[in-house]
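The numbering used here puts the sequence shown at residues 1302 to 1526.
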Amino acid sequence: MTYGTAAQADVSITDVNLEGLGSTFVLRFNGGAKQAFKLRVPGMHNVLNATAAFAAARDMGVDQGMISTALEGFQSVERRFEVKSRDGVTVIDDYAHHPTEIRATLNAAKTGNFRRLFVIFQPHRYTRTMHLFDDFARAFNLADVVLMLDIYPAGENPIEGVTTQALIEKIKSFGHKNAMYAPNFEMIESYVISNAKEGDAVIVMGAGSVTKLSDILSERFSRTA
């Protein structure tokens, strides 16, 4: 079974509307019958994920109404575009630590019509950062502000020349106007609390300890709301 946006697919995705922190779309089956869906998670990648799940379950004989109800009630999983608070400033926690994931998350966030996107990122592993250096540098184009912590080693030894400071310089060389190195959580907390305003979103990204910042910032914004 095939699925996707191509009209020739067994399950073809049409009429996609990515708006707010959700989406609507229509599935057309074998060029014939159609069914509309509404998701509570954002981004085209989630439309594709939902379509794959629907196609697989339908192929196994699961009732279509049951599949639809399950998909439309799904609210994501921990650390996958997890909205931690919406107290004026929306705080989102996301596990993205690969350039492709980062781009998908930022594309999804753009459908939320936020005023600005603040991204807090902690690179994960020296080897990954080294091998995907330019890809990482290009992955943050949709972010208005990028704050980047030191690389989370995950048991690896440092590699000469592979640093957050070097990655920030590469990001700037590709044209980003507001990317900066952040040596610690305290600096990020101070900067974000002082600069993020109502209607902005703060996305905490990475596979390391950076996730703690989503709770710290959520609590701070809830106190000032």
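Heads up, the beta-carbon is just placed ideally off N, CA and C, and yes, glycines get one too.
Taking residue 1309 as reference, the option from 1317, 1331, 1316, 1320 with the minimal CA-CA separation is 1331. Out of 1382, 1407, 1387, the CA that lies nearest to the CA of residue 1396 is found in 1382. Unbroken beta strand (DSSP E) runs of no fewer than 3 residues, entirely contained in the region 1348-1423, are found at 1383-1388, 1390-1395, 1418-1422, following chain order.
DSSP places residue 1325 in the uninterrupted beta strand (DSSP E) bounded by 1323-1330. Per DSSP, residue 1475 lies in no alpha helix (DSSP H) segment and is marked neither H nor E.
Between the beta-carbon of residue 1449 and that of residue 1468 there is about 7 Å, and that keeps the pair under the 8 Å contact cut.
With the rule of 3 Cβ pairs closer than 8 Å, the region 1399-1415 does not count as touching the region 1483-1493. Note: residue 1450 is not bridge-paired with any residue in the DSSP secondary-structure output. Under DSSP, residue 1340 forms a beta bridge with 1324. About 6 Å separates the Cβ atoms of residue 1352 and residue 1328, confirming a contact at the 8 Å cut-off.
An exposed status is given to residue 1475, since fewer than 16 other beta-carbon atoms sit within 10 Å of its beta-carbon.
In this structure, the beta-carbon distance from residue 1388 to residue 1523 falls below 8 Å. Annotation for residue 1499: 1389, 1390 place their beta carbon closer than 7 Å to its own, counting only its chain and skipping 5 residues before and after. About 5 Å separates the beta carbon of residue 1377 from that of residue 1342, a gap short enough to meet the 8 Å contact definition. Secondary structure at residue 1445: coil, using DSSP grouped into helix, strand and coil. Taking the Cα positions, residue 1369 is about 9 Å away from residue 1339. Counting of Cβ neighbours within 10 angstroms places residue 1491 among the exposed residues, the total staying below 16. Residue burial is scored here from C-beta neighbours: residue 1409 has at least 16 other C-beta atoms within 10 angstroms and is therefore classed as buried. By the neighbour-count criterion, in which a residue is buried when 16 or more other Cβ atoms sit within 10 angstroms of its Cβ, residue 1386 is buried. Taking C-beta atoms as the reference points, residue 1505 and residue 1403 fail to come closer than 8 Å.
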